[in-house]
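Chemist: Protein chains in written order, with the working numbering: chain G, 244 to 562; chain V, 244 to 562; chain C, 244 to 562; chain F, 244 to 562. Quick one: the structure is below, and I'll ask about it shortly.
Right, here's the structure in full:
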């Protein structure tokens, strides 16, 4: 045994940023960075490795051989195209479903006990593809979900209220994409309900909610417009989820999971609050939603179910 | 300038544990440990210093001279007797008020801009004494309040619900002592209201609340019975508050402050939610309480006001 | 599996400080604190546990049952009396050898694969007792050795030279006690040999070496005189060794081990440089010593061998 | 005051990776990311900011206005082209000297007390340009030097010897580029001289030294060949230097500084061991070199002096 090991599949913008974040946050003891293109894996892993003697005791190793992933406690999957400016996450689906299924097949073979975290977009549908395809139990599979969307919202809300963002609690759930939405009805600052919190002068609650819902949804595009892709933000969020797995933290994150039966939205996969630990999705929590929020969740579920069914009809991923 | 500096006044069980926690948590760059008995300050500071070369770049220095506290960003005051088994926190008052006023006088002289955090018990009344006595603005003075009581409650509630304690949000407010109480009406798990969270089988909400209120209130005594004093817990809590000051975090803690006018309980000092940052108490937050909770707060305020007035009548501390 | 677990045997001054340091340094995911006196284990573990919700995701559990140590990656043994003012470490031997053998027997039964780190004094002789007694391979057993002595020396030397102590490299080897000594012939500052480093004005190298050798040897007593016992320093040092085991760091520490044959000093156990990782003592390094240093090592070995043999003669520990 | 602030000038591959590393390593309390192209600064800063609510209490702000850098404790300068495959670092000189001088002018105006760390290549010559140009004292200016080269060497040597890289001490000095070289004569493992350390079977010391000197020098190119640029490694190294400044650590790094007179190589700037703290280059250390190493340093100095003089002759940067 040599400490805790985490693997990252795909050494593109996102995959290498995830590997780098795992190292800088010291989220585990060893990182394996896989890419079919071994030179790409080497270039990124070596670049990351170079500063390690100045920072901590860790190791990062490049590989193009799935066998080297054996022993991983968690595997982060970042393969497939990432969304470019003007392209919806759902449009990526056709190209990414097949490759996801193929990767999952390799992981089932070489690290059947690892917790697998999907990052490729559209993350909710691809996670559903992975769950259908994989031989591992569903609790060992999750998508990055709306973890980042929620962080974005908390960032802005905290700033607006002059309170540290870690003390602002509001969930963003549903599709990681255009139909996600904040659950305003349960938002709190510390343990104070947002509706009871003193807002900045000349700001009404509904105004604030509408504006933040819009800016949160637009945030990814604002970055894409300026940078051409996103990497650091999603990498930090994923590294945080990984740490919860490796340390068995049992913290709550909005990951992409099969919706619990109680929501009444069928077998769809989307971002919902879960307790994350060494066993992956250790528990799916139930939210009490307002009527509006229930309708929004329904809508999000429909968008995702349609996408999944169109894919199944085309037969591209599950055969 | 040589990095951020924090001082601890008093090198007894609690003071030395606070200094040790500041070092192990690397909450600042330099710690000064003051005690009138210089041998005591040396014994503790040297013991703590010994492992530092293995851990981080920090410094800890003993002193018996208040002038060495000059330049502190925060000062933690732990002087006075600590409560022993069977002794109420209020009984300590007579012996600790005078010494608190004297220490505050020295701090006003040598570090008038520092944020002062009182830990000695009864912490709420002593903080009121300090505020009355000090020439510094009230926002630079706070007591450790019910920070630890809240942590204790979250610990147990998290365990009971199978969720990481950092995701459990419930405030304990009022006197740090027998009349403190949890604000159950605003308790949440993640952003889910406790009343909507699925409890373990055969547990009712009111049963759970009653039991946890009782065990939280009893926790300090349970430790006193076994260990004779408490040190590590309060030290960790105080180091956490200090870090919020040094890093200007603007996080919410239940520190001892003058109650905001809106509570309608007069000029009493007790544990209430505040935003803590470089300027000390940067903002006092307003809680919406149930009627029962309002009555409990009223009661807690009365206990504390009576204690303060009996002290003022005896004339022991403010002259 | 629930993350990495470390146990501490003995909840006295040192044991509880070790448990506290493991938590504040987040050196593992779970700490078990054992004491035959369950109230003592509870008092300390609960006190430490109280601040955790404010700091990290960890757990600390008290126990009086060795079976609860099963699953530990490392076990720290702090049982037995600690040295008081005026008492030599060797005088403790008689009282501590028997209890060490008994504890090792329990650990062999319940966690035969754990790395065991002895802290009780005289640590070198007790480690030899443990190695003789235990059924586990010798590389899974080590004493805290001269890790703390070395840290103390680096602390002072760094200060004197105006360089961060982590950049000062000099080993203290031999008995953790009066016959330990710094290996000045290989001392470096960064990668610059101490003999080539510009010293403060009017300081000669031999003067500096003599003075630091003396103050390092006296440091423990200086603290004992003032505080009555030592706890924080040794706790930090031990927590650092534990982290090297849990994270498989392969870092070098001067732990108590059986001297390698090349030293020509027989089967004695004393502080020598070793690579520490998940397998415990992964490698014993060989030092090139000056003639003087060789004589000092010889002397240290004789002191320890005599102590061990007097013990064996008395028959107290190994039957 | 709002905690410690560090600015990064230039939001390209390296600058944004530095900003990201500062955040993930929590090296300060606030990061300002400057780029003349405000959209670029925003894209990178917003991407980095997105995960912060999940990680720590920090802030990162984009700007295109140098006035926002006022209050910085350290400024990292990453402007100018980075070296591409097949291009020597010295060839970049012409294009980068002018822009460096211009940036330094702005920094002199808005943050005259900050420690400035140059990263743009050729870093040694550009640091000399900066020192000549700037109105701030020379100790507030340094280049990233051979910090990364040294880390690379330690990484490989540690691996080869089976010892944690942080315990391997060997300096790489001279030009950050083709004429840098390891100071083998003072290499140690722990405090054991490399020449006395047991090497892996069938490896001679000179063989090992030659091979590692070559692979270290080639490492940057190996990454450039595979990735097209380097970013994560240099970013980690620079963030580590920044932390030493912000925390006043007084640790030793091989930064680009004016060579001390004792080396007898004139006014050239190149990588040499220095003590780094809040005052920047707090002390330049003197190395004892072998004759071979002295010749190598001479050669490195000549290469750099020639480059600087050719630049001065062309008149591009200092007018």
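Cβ coordinates follow ideal geometry from the N, Cα and C atoms, glycine included. Predicted, not measured: the structure shown is a model, and the values here were computed from it.
Name the chain V residues whose beta carbon is nearer than 8 Å to that of residue 540 of chain G?
Modeler: Along the first chain, one-based indexing puts residue 540 of chain G at 297. Correct list: empty, because the minimum Cβ distance to chain V is about 15 Å.
Chemist: In chain order, what residues of the same chain lie with their CB nearer than 7 Å to the CB of residue 363 of chain C, ignoring the 5 residues before and after it?
Modeler: Counting from 1 along the third chain, the entry for residue 363 of chain C is found at position 120. Cβ within range, chain order: 320, 321, 322, 323, 339, 343 and 369.
Chemist: What residues of chain F sit near residue 391 of chain G, judged by a beta carbon separation below 9 Å?
Modeler: Position 148 of the first chain, counted from the first residue, corresponds to residue 391 of chain G. Chain F residues near residue 391 of chain G: 293, 294 and 297.
Chemist: List, in chain order, every chain F residue whose beta-carbon is nearer than 9 Å to that of residue 337 of chain V.
Modeler: Residue 337 of chain V sits at position 94 when you count from the first residue of the second chain. Within 9 Å Cβ-Cβ: nothing; residue 337 of chain V doesn't reach chain F, min ~38 Å.
Chemist: As a quick exercise: from C:316, C:281 and C:295, pick the residue whose alpha carbon is nearest that of residue 307 of chain C.
Modeler: Counted from its first residue, the third chain places residue 307 of chain C at position 64. Residue 307 of chain C has its Cα closest to that of C:281, out of C:316, C:281 and C:295.
Chemist: Please name the residues in the segment 485–505 of chain G whose beta-carbon is closer than 7 Å to at least one beta-carbon of chain C, in chain order.
Modeler: Within the segment 485–505 of chain G, the residues whose Cβ lies closer than 7 Å to some Cβ of chain C are 490, 491, 492 and 494, listed in chain order.
Chemist: When the cut-off is 7 Å and only beta carbons count, does residue 431 of chain C lie next to chain V?
Modeler: Residue numbering aside, residue 431 of chain C sits at position 188 when the third chain is read from its first letter. No, its Cβ sits nowhere closer than 7 Å to a Cβ of chain V.
Chemist: Report the neighbours of residue 394 of chain C on chain V: residues whose CB is nearer than 7 Å to its CB, in chain order.
Modeler: The residue given as residue 394 of chain C occupies position 151 in the third chain. Under the 7 Å cutoff, chain V gives 293, 294, 296 and 297.
Chemist: If I measure Cβ to Cβ from residue 452 of chain C and keep anything under 6 Å in the same chain, skipping five residues before and after, which residues do I get?
Modeler: Along the third chain, one-based indexing puts residue 452 of chain C at 209. Cβ neighbours of residue 452 of chain C beyond the five flanking positions: 427.
Chemist: Mark residue 254 of chain C as exposed unless 16 or more other C-beta atoms lie within 10 angstroms of its C-beta, in which case mark it buried.
Modeler: Working through the third chain from its first residue, we reach residue 254 of chain C at position 11. Residue 254 of chain C comes out buried.
Chemist: Along the chain, which unbroken stretches of the alpha helix (DSSP H) at least 4 residues long are found entirely within the segment 252–335 of chain G?
Modeler: With a minimum length of 4 residues, the continuous alpha helix (DSSP H) runs that stay inside the segment 252–335 of chain G are 256–267 and 281–293.
Chemist: Can the beta-carbon of residue 354 of chain F be found less than 7 Å from the beta-carbon of residue 313 of chain F?
Modeler: One-based indexing of the fourth chain puts residue 354 of chain F at position 111. One-based indexing of the fourth chain puts residue 313 of chain F at position 70. A contact, by the Cβ cut-off of 7 Å.
Chemist: Give, in chain order, every unbroken run of the beta strand (DSSP E) that is at least 3 residues long and sits entirely within the segment 446–532 of chain F.
Modeler: Here the runs fully enclosed are 494–501, 512–520 and 523–527.
Chemist: Tell me the rounded alpha-carbon separation between residue 425 of chain C and residue 423 of chain V.
Modeler: One-based indexing of the third chain puts residue 425 of chain C at position 182. One-based indexing of the second chain puts residue 423 of chain V at position 180. Using only the alpha carbons, I get a separation of about 55 Å.
Chemist: If contact is defined by three or more beta carbon pairs under 8 Å, each pair taking one atom from either stretch, is the segment 281–290 of chain G in contact with the segment 377–394 of chain F?
Modeler: Cβ pair count under 8 Å is below three, so no.
Chemist: Under 7 Å between C-beta atoms, does residue 535 of chain C make it to chain F?
Modeler: Residue numbering aside, residue 535 of chain C sits at position 292 when the third chain is read from its first letter. No, no contact with chain F.
Chemist: Helix or strand or just coil, what does DSSP make of residue 246 of chain C?
Modeler: Position 3 of the third chain holds residue 246 of chain C. Residue state, collapsed to three classes: coil.
Chemist: I'd like to know whether the C-beta of residue 344 of chain C is nearer than 7 Å to at least one C-beta of chain F.
Modeler: Taking the first residue of the third chain as position 1, residue 344 of chain C is located at position 101. Not an interface residue.
Chemist: Are residue 303 of chain C and residue 294 of chain C touching if we call contact CB-CB under 7 Å?
Modeler: On the third chain, position 60 is the one that residue 303 of chain C refers to. On the third chain, position 51 is the one that residue 294 of chain C refers to. No, these two residues do not count as a Cβ contact at 7 Å.
Chemist: Less than 6 Å between C-beta atoms, sequence neighbours within five positions excluded: which residues of the same chain meet that for residue 486 of chain V?
Modeler: In the second chain, counting from the first residue as 1, residue 486 of chain V sits at position 243. Cβ within range, chain order: 270.
Chemist: Are residue 462 of chain G and residue 395 of chain G close, meaning C-beta to C-beta below 7 Å?
Modeler: Numbered from its first residue, the first chain carries residue 462 of chain G at position 219. Numbered from its first residue, the first chain carries residue 395 of chain G at position 152. Against a cut-off of 7 Å, the Cβ pair of residue 395 of chain G and residue 462 of chain G comes out as a contact.
Chemist: In the DSSP output, what is residue 431 of chain C paired with across the bridge?
Modeler: Here residue 431 of chain C refers to the residue found at position 188 when the third chain is read from its first residue. Residue 431 of chain C pairs with C:412 and C:436.
Chemist: Within the continuous alpha helix (DSSP H) that includes residue 401 of chain F, where are the two ends?
Modeler: The residue labelled residue 401 of chain F in the question sits at position 158 within the fourth chain. Element bounds for residue 401 of chain F: 390–404.
Chemist: For residue 341 of chain C, which of helix, strand or coil comes out of DSSP?
Modeler: The sequence position of residue 341 of chain C within the third chain is 98, counting from 1. In this structure, residue 341 of chain C counts as helix in the three-state DSSP scheme.
Chemist: From this set, C:415, C:387 and C:534, which residue's C-alpha is nearest residue 398 of chain C's C-alpha?
Modeler: In the third chain, the residue the question calls residue 398 of chain C occupies position 155. It is C:415.
Chemist: Taking 7 Å as the limit between beta carbons, can you name the residues of its chain near residue 246 of chain V, skipping five residues before and five after?
Modeler: For the purposes of this step, residue 246 of chain V is taken as residue 3 along the second chain, with counting starting at 1. Around residue 246 of chain V: 272 and 273.
Chemist: For residue 348 of chain C, does the three-state DSSP call read helix, strand or coil?
Modeler: Taking the third chain and counting its residues from 1, the one referred to as residue 348 of chain C is at position 105. Correct three-state label for residue 348 of chain C: helix.
Chemist: Got a sec? Which residues, its chain only, sit under 8 Å from residue 262 of chain F by beta carbon, not counting five neighbours each side?
Modeler: Taking the fourth chain and counting its residues from 1, one reaches residue 262 of chain F at position 19. Same-chain partners within the cutoff: 251, 254, 274, 276, 287, 288, 291 and 303.
Chemist: To the nearest angstrom, report how far apart residue 403 of chain F and residue 515 of chain F are at their CA atoms.
Modeler: Numbered from 1 along the fourth chain, position 160 holds the residue referred to as residue 403 of chain F. Numbered from 1 along the fourth chain, position 272 holds the residue referred to as residue 515 of chain F. Going from the Cα of residue 403 of chain F to the Cα of residue 515 of chain F covers about 25 Å.
Chemist: Work out the CA separation of residue 439 of chain G and residue 456 of chain G for me, nearest whole Å.
Modeler: Within the first chain, numbered from 1, the residue matching residue 456 of chain G stands at position 213. Within the first chain, numbered from 1, the residue matching residue 439 of chain G stands at position 196. For residue 456 of chain G and residue 439 of chain G, the distance between alpha carbons rounds to 19 Å.
Chemist: Hey, out of F:412, F:390, F:389 and F:391, whose CA is closest to residue 400 of chain F's CA?
Modeler: On the fourth chain, position 157 is the one that residue 400 of chain F refers to. Per the Cα distances, F:412.
Chemist: What do you reckon, are the CB atoms on residue 417 of chain C and residue 540 of chain C nearer than 7 Å?
Modeler: Translated into positions along the third chain, residue 417 of chain C becomes position 174. Translated into positions along the third chain, residue 540 of chain C becomes position 297. Result yes, Cβ atoms of residue 417 of chain C and residue 540 of chain C sit closer than 7 Å.
Chemist: When you compare the CB of residue 359 of chain C with every CB in chain F, is at least one pair closer than 7 Å?
Modeler: Against the third chain, residue 359 of chain C aligns to sequence position 116. No, its Cβ sits nowhere closer than 7 Å to a Cβ of chain F.
Chemist: Please classify residue 378 of chain F as buried or exposed, where buried requires at least 16 other C-beta atoms within 10 Å of its C-beta.
Modeler: Translated into the one-based positions of the fourth chain, residue 378 of chain F becomes position 135. Classification for residue 378 of chain F: exposed.
Chemist: Please name the residue in C:536, C:488 and C:373 whose C-alpha comes closest to that of residue 511 of chain C.
Modeler: On the third chain, position 268 is the one that residue 511 of chain C refers to. Nearest of C:536, C:488 and C:373 to residue 511 of chain C, Cα basis: C:373.
Chemist: Assuming residue 419 of chain F contacts residue 388 of chain F (C-beta within less than 8 Å), just tell me the rounded distance between them.
Modeler: Your numbering for residue 419 of chain F matches position 176 in the fourth chain. Your numbering for residue 388 of chain F matches position 145 in the fourth chain. The Cβ separation is near 6 Å, so the contact holds.
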